[in-house]
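Below is one structure, written out as structure tokens; comments come after it.
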Amino acid sequence: MILTEWGKIIEISLIVIFLIGVIVVGSIFVVRSIQSSYREVYKFQSKFDIELRKMINLLSKINGNAHGRFKDYVNIVVKDLPHDDKSKLLMLIETAYDELDKEEETNKYLIETYENLQEVRRIRDSKAIIFNHKIIMFPFNIYAGIMKLEQWDLFLHQKQES
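Residue numbers (the numbering used here): 25 to 186.
Spelled out as structure tokens, the structure:
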């Protein structure tokens, strides 16, 4: 009778240890997945900041149409700007780009850089949407709360039709 009670205790202990092991392994996979998604967004955010800086540098050197608009941004570290300022800067760049003569040969690099900026923005926003959806779903939301992760803001700028 004592052996059967010890057998039950050992059996329950093994089940508890197994369940704890499953939870620990599952937690590791969830945390790695969240970290991987966060790094992806962060990587494209850095690329986006670089492309913004390139556009500011290029547009500030153009004679006439854009020089005065970007004087406040020439000596600023784009990476340190808050999201709202980056959104305003993006709209300012779009306005300057719309005024640009796209047929002129000297503007080809500027046009290519603008297209790269928009491509990186779209990729960054798609990665941010995936990350944002991930951290609101169970069990990711629990771990995101523990890790104090917040949703990324998006640069979903809609071009206004004239």
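Even for Gly, the Cβ is constructed at its ideal location relative to N, Cα and C.
The beta carbons of F68 and L83 sit no closer together than 8 Å.
Judged by DSSP secondary structure, E174 falls outside any alpha helix (DSSP H); it is assigned neither H nor E.
In terms of Cα proximity to S150, the closest of G50, L124, D104 and S61 is S61. Excluding sequence positions up to five before and after K103, its CB lies within less than 6 Å of the CB of D73, all in the same chain and listed in chain order. Closest in alpha carbon position to E136, among H157, M161, K78 and R148, is K78. Cβ-Cβ separation between L173 and I52: approximately 17 Å, too far for a contact (criterion under 8 Å).
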